[in-house]
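Peer 1: FYI, the numbering for the sequence shown is 292 to 449, going by the working numbering.
Sharing a structure below in structure tokens format, with a few things to ask.
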Amino acid sequence: MTDLQPRHPDESAVQMTELILPQHTNALGTCFGGQILSWIDIAAGICSGRHARCTAVTVAFDDVHFVTPIRLGDVVTIRARITLVGRSSMEVWVDVQRGRYDGVTEHANTAYVTFVAVDANRKPREVPALILDNEPDRQRHREALERRAIRLARANHP
Ligand SMILES: CC(C)(COP(=O)(O)OP(=O)(O)OC[C@H]1O[C@@H](n2cnc3c(N)ncnc32)[C@H](O)[C@@H]1OP(=O)(O)O)[C@@H](O)C(=O)NCCC(=O)NCCS
Numbered sequence: 292m293t294d295l296q297p298r299h300p301d302e303s304a305v306q307m308t309e310l311i312l313p314q315h316t317n318a319l320g321t322c323f324g325g326q327i328l329s330w331i332d333i334a335a336g337i338c339s340g341r342h343a344r345c346t347a348v349t350v351a352f353d354d355v356h357f358v359t360p361i362r363l364g365d366v367v368t369i370r371a372r373i374t375l376v377g378r379s380s381m382e383v384w385v386d387v388q389r390g391r392y393d394g395v396t397e398h399a400n401t402a403y404v405t406f407v408a409v410d411a412n413r414k415p416r417e418v419p420a421l422i423l424d425n426e427p428d429r430q431r432h433r434e435a436l437e438r439r440a441i442r443l444a445r446a447n448h449p
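So, in structure tokens, the structure goes:
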């Protein structure tokens, strides 16, 4: 039976840490952008799967801007948190920070990724509502509603 009990964003939040090794870098010695996108997708996928308690597939990646080069030896922290749920879709905010071992971190990337929960036939299935009990989550949710409207208009999706 599907568990549709509303869930708090804290229940599904994800934090991943990765060390940038030679196999993650490009010819300039900085991290390959596709590797960061892959980690963003994985973090958001785990987060949305935890919320939905089932498999969810990536349906949209909003604009992604690489604002700071990530270098060999950097420690990358990727955090993901649900900001909005629809009937079957979920928007996940993903924040990427780079740092060394001195504790100083720098913002490297922000992404918004939309996942859709699917059933065994890979058809969209309903997801639990989101509990919004604090102002930061409510603010993220208000902003997510605006992004969702723009995203669906761009995708020409009804
Ligand atoms: C995701 C998928 C199952 C949705 O199927 P669909 O027939 O478009 O389903 P619907 O039209 O009923 O839309 C389902 C939800 O997806 C949302 N959606 C569909 N296309 C979207 C898009 N381009 N951007 C954002 N949301 C989208 C809809 O708004 C709807 O949300 P809601 O249920 O919260 O209201 C289907 O498009 C698919 O399988 N895509 C490929 C996914 C994939 O292979 N990803 C990469 C590997 S994981």
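Don't be surprised by glycine CBs; every beta carbon is placed ideally from N, CA and C.
In this text the structure is predicted, and so the values were computed from the model without any measurement.
If we count the other Cβ atoms within 10 Å of its Cβ and call it buried at 16 or more, is Ala371 buried or exposed?
Peer 2: Position 80 of the sequence shown, counting from 1, holds the residue named residue 371. By the neighbour-count rule (16 or more Cβ atoms within 10 Å), Ala371 is buried.
Peer 1: DSSP has Leu310 in a bridge; who is on the other side?
Peer 2: Numbered from 1 along the sequence shown, position 19 holds the residue referred to as residue 310. Answer is Val366.
Peer 1: Where do the ends of the alpha helix (DSSP H) carrying Arg389 lie?
Peer 2: Your numbering for residue 389 matches position 98 in the sequence shown. Arg389 -> not in any alpha helix (DSSP H); beta strand (DSSP E) instead, spanning Ser380 to Gly390.
Peer 1: Since Ile373 and Ser303 should fall inside the 8 Å C-beta cutoff, what is the C-beta to C-beta distance between them, to a whole number of angstroms?
Peer 2: As a working mapping, residue 373 is identified with position 82 in the sequence shown. As a working mapping, residue 303 is identified with position 12 in the sequence shown. Correct: roughly 6 Å between the Cβ atoms.
Peer 1: Just the Cα atoms here: how many angstroms apart are Arg391 and Asp428?
Peer 2: The count along the sequence shown starts at 1 and reaches residue 391 at position 100. The count along the sequence shown starts at 1 and reaches residue 428 at position 137. Cα to Cα, Arg391 sits roughly 29 Å from Asp428.
Peer 1: Under three-state DSSP, which class holds Val437?
Peer 2: On the sequence shown, residue 437 is found 146 positions in, with the first residue counted as 1. Position check: residue 437 holds Glu in this sequence, whereas Val was assumed. Helix, per DSSP.
Peer 1: Relative to the C-alpha of Ser379, which candidate in Ala347, Val367 and Arg389 has its C-alpha closest?
Peer 2: Locating residue 379 in the sequence shown gives position 88, where the first residue counts as 1. Answer by Cα proximity: Ala347.
Peer 1: Going straight from the alpha carbon of Phe357 to that of Val305, what length do you get?
Peer 2: For the purposes of this step, residue 357 is taken as residue 66 along the sequence shown, with counting starting at 1. For the purposes of this step, residue 305 is taken as residue 14 along the sequence shown, with counting starting at 1. Straight-line Cα distance between these residues: approximately 21 Å.
Peer 1: Exposed or buried, what is His342 when buried is set at 16 or more other beta-carbons lying within 10 Å of its beta-carbon?
Peer 2: Here residue 342 is taken as the residue at index 51 of the sequence shown, counted from 1. Result: buried.
Peer 1: In this structure, how does DSSP classify Pro297 when only helix, strand and coil are distinguished?
Peer 2: Walking along the sequence shown from the start, residue 297 turns up at place 6. Here Pro297 sits in coil by DSSP.
Peer 1: In terms of alpha-carbon separation, which member of Gly340, Ala411 and Arg413 lies closest to Met381?
Peer 2: Residue numbering aside, residue 381 sits at position 90 when the sequence shown is read from its first letter. That would be Gly340, whose Cα lies nearest to the Cα of Met381.
Peer 1: Should His448 be counted as a contact of ligand 1 given a C-beta to heavy atom distance under 7 Å?
Peer 2: As a working mapping, residue 448 is identified with position 157 in the sequence shown. True, at least one ligand heavy atom lies under 7 Å from that Cβ.
Peer 1: First and last residue of the beta strand (DSSP E) that includes His398?
Peer 2: Taking the first residue of the sequence shown as position 1, residue 398 is located at position 107. Thr396 to Ala408 is the extent of the beta strand (DSSP E) around His398.
Peer 1: Does the beta-carbon distance from Ile369 to Cys322 come in below 8 Å?
Peer 2: Here residue 369 is taken as the residue at index 78 of the sequence shown, counted from 1. Here residue 322 is taken as the residue at index 31 of the sequence shown, counted from 1. In this structure, Cys322 does not lie closer than 8 Å to Ile369 by Cβ.
Peer 1: With distance defined between alpha-carbon atoms, name the residue in Ile333, Asp365 and Val376 nearest to His398.
Peer 2: As a working mapping, residue 398 is identified with position 107 in the sequence shown. Answer by Cα proximity: Asp365.
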